[in-house]
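Below: one structure, written as structure tokens.
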Amino acid sequence: MGGGDVVVNTQDKVREIIAQYKAEFARVDLEERYKWIAVKHFQDNWNIDARDFADMLARSFAKHVNLLDAGVARPLYVVVTFAKREPDKARDSFRILYDESLPLEHRRRVFVEAVKEFVCNMQQEDPRWKNHFQDLHALSVYVTFRYPEKYYIYKYSVLEKVAPLIGLETGPDRWKAYVQMCDAIRDVAVADEELVSMSRARLDDECYQDPENRLLAHDIAFFAYQLQKNKEKEEQDAVKPAIIHEFRKWLEWPGRNNGKPYDEKTVRVYVRQVEAEARKLVPHYDGNVNLYTYDSSHGFEVQLKKIMDIIGGGEVQVNGAFPKVLRLYLEFLREREKEKALPPNGNDKPKDSYTQEDFLNEVFLCAEDYDSLVTQLERKKNLILQGPPGVGKTFAAMRLAYAFMREKNPERICTVQFHQSYGYEDFVIGYKPDGSGFTLKEGVFYSFCKKAASQPERAWCFIIDEINRGNISKIFGELLMLVEADKRGLGYAIRLQGTEEPFFVPENVYIIGMMNTADRSIALIDYALRRRFAFFTLEPAFESEGFRDYMESKENPSFVSVVEQVLRLNEEISADPLLGPGYQIGHSYFCFGDGDPVDSKALRDVILYEIKPLLSEYWFDNQAKVQEWTKKLLAAVQ
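Basically the working numbering = 1-based index in the sequence shown + 420.
Here's what the structure looks like:
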């Protein structure tokens, strides 16, 4: 560990949490006792051999409150419908899930596959059936209700915050890490006689008696999660005023705006934007990187270099653009840093490792999808991510490149955007004016391939945004052959016009393209290029486990209501014969940033200034429908 790292004693930290838990026991019990009641109710009603299996299933889980069907997630509704339609298959699925003689992972996999098959069949009748919702959380509820003496109710958001809080590391196996975390808490809890006595005393006849104290351990973990979340919010609130005040003073300097001071209204708007966007502009990198951090012993230590590294990698965006206020804020940071000495080798960019786990933590895709992406990229060496607006194509492409290279290294990534004026001389090579005539200059892809060829043992990723906006034949020319997976390397080198050295596309160059399926202004992608690329469709991820975890972390019922309306809107868009699934509203419209509160204003702004204009373009000949859906979305904002 580094010299500045703090070693956390897990047991001591858990004891601190338990002390606070006991101090607030009355409040916590009032809010959380329903879990013990729900488990007891299940135990009293469960009968795998019941004649009406669907009715028994619904009745057994009836008191789950919000542990299963909550927000957009409907795991219980799906399995109850499964039981109504195919009772024998549903019964057998639960029989396997509850068979303790089989490995848990095998039981989970068989259960999920059975429900997935049912959902696929339902989709033939009703296209709205798209998600089975049987994620790790739902499955943990099923097995915990059946065997509460053995399992814990899993919540990723709890694992994410509490494990590091008590000094535990989490690996790629989230379930295993969660069990280890809860076991560590339970070991300390059962040794606290006062705590165990308090917990036993509150469990009346309606409650599961929890002899192994596993529900208690889960409850303490959830309590710690709430404590940590509240603490982080307080820290953010405490740090904002001083640095924001400093930024305000910087804006008010008379010579700031080309010799004219910004007016009071402009200063107020810029300051408000930085306050509101701070967490959105810079996501988590190596801990709690922010637009500003505070160290009480050293004053304000702004992590300028780190922020600039992230921006240099093209990763800081708000609605797809770099707002003026961010550029001003960075200028402000640079000036502050001039007064401080940069650390040794301050110009070296960190080469941070980046794994599959990192990818899955940031992109709302499952491990299966990730494996498919990597497999296709390895097989074809050329991959196109396609999908509706707002599904995170650019975000996913950059992180796929990182994961594929196994490190976050922008030096081995190049990003370009195709457009109608983009040509061969920009991409490959060509003559360009230099003031006294014309000079042969290398294009961006030509230069990139030469660099990649110098490091054949390492993967290099070339990312093309809006790949279907360019004239493919004009841009690629003879390279259409060379980019094929089996035409790579020196053996297929050709001599380009005006050059002496043969040119080839190295085997370690991987091309990731992106295209918007909802753009009416462009034609379908060139068939010559299509056969050389694999295609992967990104869809709105509102119903994914990752997005539900993210939405849950915002703790705003209005957010959930708006997303539910967007799901209904997407159903109508998909059913429209002039639109279809390629025009759905993507989830990234509602990605507000890890530390940002999602309030009514933020939701209304997205609806009025991002979604409504898009709907106006979709239904340009039916403004009544645009107004109807705008009203529905706004009505969901409480």
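No residue lacks a Cβ here, since even glycine has one placed at the ideal position from N, Cα and C.
- In the structure shown, the three-state DSSP call for lysine 550 is coil.
- Taking all protein chains shown into account, tyrosine 790 has 16 or more neighbouring C-beta atoms within 10 Å of its C-beta and is therefore buried.
- The residue among Lys801, Ala439, Asn486, Ile640 with its C-alpha nearest the C-alpha of glutamate 972 is Asn486.
- The three-state reading of DSSP puts glutamine 837 in strand, counting E and B together.
- Cβ-Cβ distances below 6 Å link alanine 905 to Lys800, Lys801 in the same chain, with the five nearest sequence neighbours on each side left out; the list follows chain order.
- Linking glutamine 646 to glutamate 589 through their CA atoms gives a straight-line distance of about 19 Å.
- When beta bridges are read from the DSSP output, leucine 803 appears opposite Ile932, Ala954.
- Going by beta carbons, phenylalanine 514 and phenylalanine 531 fall inside the 9 Å limit.
- The closest CA to that of leucine 623, considering only His484, Lys460, Arg688, Trp595, is found on Lys460.
- With distances taken between CA atoms, glutamate 451 lies nearest to Phe642 out of Phe642, Leu958, Pro1033, Leu1023.
- Per the C-alpha coordinates, the member of Arg915, Glu984, Asn976, Arg528 positioned closest to valine 1018 is Asn976.
- Annotated three-state conformation of lysine 575 is coil, per DSSP.
- Segment contact: the region 927-941 against the region 1001-1012, three or more CB-CB distances shorter than 8 Å; contact assigned.
- Taking all protein chains shown into account, arginine 527 has 16 or more neighbouring C-beta atoms within 10 Å of its C-beta and is therefore buried.
- Judged by their CB atoms, glutamine 431 and valine 578 are not nearer to each other than the 9 Å cut-off.
- For phenylalanine 882, there is no enclosing alpha helix (DSSP H); the residue is part of the beta strand (DSSP E) that begins and ends at 880-885.
- With respect to the 9 Å criterion, phenylalanine 538 and alanine 510 are classified as neighbours on the basis of their beta carbons.
- No Cβ-Cβ contact shorter than 9 Å links proline 507 with phenylalanine 481.
- Considering only Ile892, Val925, Ser792, the residue with the shortest C-alpha distance to lysine 907 is Val925.
- In the structure shown, serine 521 adopts coil according to DSSP, grouped into three states.
- Just measuring C-alpha positions, the residue of Arg826, Ala490, Val903, Leu860 sitting nearest leucine 949 is Val903.
- Glutamine 806 sits buried, since 16 or more C-beta atoms from the chains shown fall within 10 Å of its C-beta.
- Residue pairing from DSSP places threonine 859 in a beta bridge opposite Lys852.
- Distances from the CA of leucine 820 to each of His839, Ser856, Val783 were compared; the closest alpha carbon is that of Val783.
- Aspartate 772 sits in a strand when the DSSP states are folded into three classes.
- Per DSSP, the beta bridge partners of glutamate 827 are Ser773.
- Counting the other Cβ atoms within 10 Å of the Cβ of alanine 879 gives 16 or more, which makes it buried.
- Under the three-state reduction of DSSP, phenylalanine 1040 is assigned to coil, being neither helix nor strand.
- Excluding sequence positions up to five before and after leucine 987, its CB lies within less than 7 Å of the CB of Val492, Phe962, all in the same chain and listed in chain order.
- The Cβ-Cβ distance between valine 1057 and valine 983 does not fall below 9 Å.
- The Cβ atoms of tyrosine 866 and isoleucine 892 do not sit closer than 9 Å to each other.
- Annotated three-state conformation of isoleucine 993 is helix, per DSSP.
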